[in-house]
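Undergrad:
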Amino acid sequence: DLLAFDGIRSFAGGQASGLQSDLLAENQVRELSNMTLSPRGSLETRRGILSFSTTATSEEGSIGGMRYYDTAATERLVTVTQGRVYTIDSTGSAKLHPADETWSQVNRTWGSEAQNWADGFSSAIDTPVKMAQFNDKMYMADGDGDLYYFDGSIVTRQAGRVRAITVTTAGSGYTSATAIVTGPQWGGEYPELITTVAGGAVTGVTVVDGGSGYGSAPTVTIIGDGSGATATATVSPPPSNLRLLINTGNRLFAVGSGTERNTLYASDILDASVWDSSNSAVINGDDGDEIVAIVAYYQNRIIVFKKRRIFQVTIPPDMTTAADWTIELISNNIGCVAEATAVQVNSDIFFLSDDGIRSLVRSAADDFTSVGLPISEVVKDVIQSINTAAIDVCTAHFYDNRYMLAFPSEANDVNDTILVYNTVLQAFEGTWTPNVMQFALTNFEDEGVRLMMKTTTGQINKYSGYKSPAQVTTADYQDAGVDYESYVRTKDFNFGDPFSNKYGSHFEVIFDDSFSTDASVSIQRDIDVGDIDVQPNLNISSAALTLDFTLPAILPTSVKKRIASDLRAYEKWRLLNIKITSAANKMAIRQITAAANPDTIEVQKSL
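Quick note: the sequence shown uses our numbering, first residue 2, plus one each step.
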């Protein structure tokens with residue numbers, strides 16, 4: 002029989018491990034590990050991560066949170082690790098902030114260390130901490146206690162202010178009067194008040210400046226030359242036990258805990274010290290489901306995810322109370338199972354549902370939002386490997402046109418795998434191996450935009466994906482100085498004949514610019530239970546010629562290597578896949594082809 006050929010000339014279809022391997026498209030593969038797709042459809046080892054800050058470390062199991070803080074005066078990466086707040090500058094130098102201390106009436110002796118009782122934050126090490134920057138402050142909520150913020154210097158509670166003083170009894174005999182209030186509980190400032198008197202009675206108290214530091218309403222006392230006047234103060238501090246937090250429409254929005262697990266709260270405009278009770282709404286009542294995530298969307302809209310439902314809340318810019326909000330049901334049977342996986346991806350929102358990665362799709366034509374089909378069906382096997390008992394720690398980020406989902410696999414309780422989806426090619430790039438508990442984008446003035454990854458032990462690393470091809474070196478293909486393996490396993494080749502056994506002829510791999518000096522090629526036939534090494538210990542690094550003078554011409558920089566191997570020594574098979582592995586460093590693959598002789602006579606004889 003004549004030679005039959007099969008192979009892959011473009012890898013743009015990505016990994017499709019959830020489908021039958023011999024039925025994949027011509028540009029799909031069975032498995033990718035630590036690989037990425039180039040725009041032209043070739044494969045190469047993904048970039049590594051560089052150590053950025055090793056100070057804010059923790060034991061495994063710490064969750065916390067991480068966000069970038071940026072004002073005109075201060076740039077810091079804020080991270081909560083082991084229940085404590087660290088702020089990190091552009092050099093990776095970290096400052097540990099004091100633990101929270103509840104103010105009480107006891108005598109204290111301060112040592113030589115500069116301390117401020119208001120400076121401090123503590124949370125349980127396994128508690129997620131949500132952050133949102135608002136009014137030059139980074140706000141933090143952990144679902145247990147008060148709302149905190151970092152102001153570029155210290156971490157302290159966000160208290161309320163005196164909004165109004167209401168005269169309850171006017172009294173009599175006054176020619177002048179002064180309203181005084183008890184001091185703020187949290188070390189703030191007293192309010193500035195003006196008391197008015199008419200006809201011997203106290204007629205009103207005007208709040209000129211509401212002060213700060215009030216966790217609850219203070220006691221009001223009216224003094225003067227009359228008697229009987231009384232008044233009460235109104236304070237609207239942040240609700241307790243907030244657990245989700247976003248900034249949109251010049252307000253902070255948050256979700257409560259416990260009995261308030263379905264309540265969406267809003268602060269006043271540009272003022273996080275005022276959270277009026279009328280600026281809150283219970284989303285669909287207590288329907289047996291709880292709010293899992295909230296994501297700011299276009300045109301003053303917030304997408305509210307429950308585990309089995311999705312709602313859209315429209316907030317008019319001129320709202321006065323939550324009665325002005327419009328709450329619409331998007332889906333009554335699909336929701337989000339992990340808060341940090343719901344992120345905006347271009348004009349859509351990607352999130353992890355109980356059946357895989359889905360997208361919230363906006364139709365610009367009719368201004369309608371709907372839930373799209375699961376985009377992860379082609380990697381259903383990877384989705385099914387997620388440890389559902391620890392699914393809450395899953396996190397995701399959108400960077401470089403890629404949706405990166407970090408999750409705990411199998412019996413792991415912390416994230417040990419990243420599933421990467423290329424939104425341009427609409428294909429999965431397989432899995433990556435860094436252990437990431439949180440992602441954050443920084444924009445330090447001396448660097449530009451960078452993707453930071455916090456490991457399961459609190460160390461913060463910087464992804465090298467921002468570098469141009471001309472800038473990368475072998476060090477950019479290590480994770481914090483440690484080599485990692487990358488590989489591709491092709492689909493099962495049937496050489497255009499799904500029925501006949503084949504006699505192997507040969508295969509050929511074309512490598513693009515590579516750094517690896519330790520690559521290997523193995524095959525697996527349908528009759529094999531494991532891989533068979535065919536070409537071990539290959540040096541696929543691109544040879545380069547260095548001249549000590551300048552040529553009056555530009556030479557091509559792309560260097561390709563062709564590696565071929567004989568397959569005639571192996572018994573007949575019906576299906577064959579090829580695995581190419583690099584033990585370390587960069588491997589770039591342009592094409593994989595194979596040839597075989599179908600044994601059609603054997604088929605005819607068996608008939």
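Quick reminder that beta carbons are idealized off the backbone N, C-alpha and C, glycines included. Given the structure is predicted, the values throughout are model-derived calculations rather than measurements.
Aspartate 513 and isoleucine 590 look like a contact to me (Cβ under 8 Å); what is the Cβ gap, rounded to whole Å?
TA: 7 Å
Undergrad: Rounding to the nearest angstrom, what Cα-Cα distance links aspartate 147 and proline 240 in this structure?
TA: 8 Å
Undergrad: Please classify leucine 243: is it buried, with 16 or more other beta-carbons within 10 angstroms of its beta-carbon, or exposed?
TA: buried
Undergrad: If you draw a straight line from the C-alpha of alanine 267 to the C-alpha of valine 256, how long is it?
TA: 9 Å
Undergrad: Ends of the beta strand (DSSP E) at isoleucine 384?
TA: Segment 381-384 is the alpha helix (DSSP H) holding isoleucine 384; no beta strand (DSSP E) there.
Undergrad: Between isoleucine 387 and the rest of its own chain, which residues show a CB-CB distance below 6 Å, the 5 nearest in sequence each way excluded?
TA: These residues qualify, in order along the chain: Phe408.
Undergrad: Which whole runs of the beta strand (DSSP E) in the region 125-187 are 3 residues long or more, in chain order?
TA: 131-135, 138-142, 149-151, 156-158, 163-170 and 178-182
Undergrad: Quick one: is valine 206 buried, meaning 16 or more other Cβ sit within 10 Å of its Cβ, or exposed?
TA: buried
Undergrad: With DSSP run on the structure shown, which of helix, strand or coil describes glutamate 114?
TA: With a pLDDT of 42 at glutamate 114, under the threshold of 50, the predicted position of this residue should be treated as unreliable, though the coordinate-derived value follows. Coil, per DSSP.
Undergrad: Taking all protein chains shown into account, decide if glutamate 448 is buried (16 or more other Cβ within 10 angstroms of its Cβ) or exposed.
TA: Glutamate 448 comes out exposed.
Undergrad: Report the option in Leu253, Tyr191 and Asn538 whose CA atom is closest to the CA atom of aspartate 519.
TA: Comparing Cα positions, the closest option is Asn538.
Undergrad: So alanine 323 packs on isoleucine 247, CB below 8 Å; how close in whole Å?
TA: About 16 Å; that fails the 8 Å criterion.
Undergrad: Count the C-beta pairs between the region 137-155 and the region 189-208 that are closer than 8 Å, then say yes if the count reaches three, no if not.
TA: no
Undergrad: Judging by CA-CA distance, which residue of Gly214, Ala441, Arg451 and Ile564 is the nearest neighbour of glutamine 186?
TA: Gly214
Undergrad: Rounding to the nearest angstrom, what Cα-Cα distance links serine 94 and aspartate 484 in this structure?
TA: Approximately 25 Å between the Cα atoms of the pair.
Undergrad: Going along the chain, which residues of its own chain have a beta-carbon closer than 6 Å to the beta-carbon of alanine 178, five neighbours each way excluded?
TA: Thr196, Val198, Val203, Ile223 and Gly225
Undergrad: Give the secondary structure of tyrosine 215 by DSSP, where H, G and I count as helix, E and B as strand, and everything else as coil.
TA: Looking at tyrosine 215 - three-state DSSP - the assignment turns out to be strand.
Undergrad: Would you tell me roughly how many angstroms separate the C-alpha atoms of glutamine 345 and serine 332, rounded to the nearest one?
TA: Rounded to whole angstroms, glutamine 345 to serine 332 spans 18 Å at the Cα level.
Undergrad: Counting pairs of Cβ atoms below 8 Å between the region 283-292 and the region 165-184, do you hit three or more?
TA: no
Undergrad: Let me know the beta strand (DSSP E) ranges lying completely inside the region 494-553, each 3 residues or longer, listed in chain order.
TA: Counting only unbroken stretches of 3 or more residues, the beta strand (DSSP E) elements lying wholly within the region 494-553 are 503-512, 520-526 and 533-539, in sequence order.
Undergrad: Taking the alpha-carbon positions, what's the arginine 490 to aspartate 567 distance?
TA: A direct Cα-to-Cα measurement between arginine 490 and aspartate 567 gives close to 19 Å.
Undergrad: DSSP state of alanine 390, grouped into three classes?
TA: helix
Undergrad: What are the residues that DSSP puts in a beta bridge with serine 228?
TA: Ser173
Undergrad: Beta strand (DSSP E) containing alanine 595: first to last residue?
TA: 589-599
Undergrad: Buried or exposed: which applies to leucine 24, given that a residue is buried once 16 or more other Cβ atoms fall within 10 Å of its Cβ?
TA: exposed
Undergrad: From this set, Ser237, Leu361 and Gly49, which residue's C-alpha is nearest valine 473's C-alpha?
TA: Gly49
Undergrad: Does the Cβ of threonine 321 have 16 or more other Cβ atoms within 10 Å, making it buried, or fewer, making it exposed?
TA: So threonine 321 ends up on the exposed side.
Undergrad: For the beta strand (DSSP E) containing lysine 307, name the first residue and the last one.
TA: 302-307
Undergrad: Do serine 501 and threonine 434 have their beta-carbon atoms positioned less than 8 Å apart in this structure?
TA: no
Undergrad: Going along the chain, which unbroken runs of the alpha helix (DSSP H) with 4 or more residues stay wholly within the region 323-368?
TA: none
Undergrad: Identify whether serine 465 lies in helix, strand or coil by the three-state DSSP scheme.
TA: helix
Undergrad: Excluding sequence positions up to five away, which residues of its chain have a Cβ less than 7 Å from the Cβ of glycine 357?
TA: Pro375, Ser377, Glu378, Lys381 and Ile384
Undergrad: For alanine 341, which of Pro129, Asn136 and Ser469 has the nearest alpha-carbon?
TA: Here the closest residue by C-alpha is Pro129.
Undergrad: For the candidate residues Phe122, Ala595 and Ala585, whose alpha-carbon lies nearest to that of glutamate 45?
TA: Ala585
Undergrad: Leaving aside the five residues before and after tyrosine 87 along the sequence, list all residues of the same chain whose C-beta is less than 6 Å from its C-beta, in chain order.
TA: Ala57, Thr80, Ala95 and Leu97
Undergrad: Given this structure, state the Cα-to-Cα distance separating serine 217 from glutamate 190, to the nearest angstrom.
TA: 14 Å
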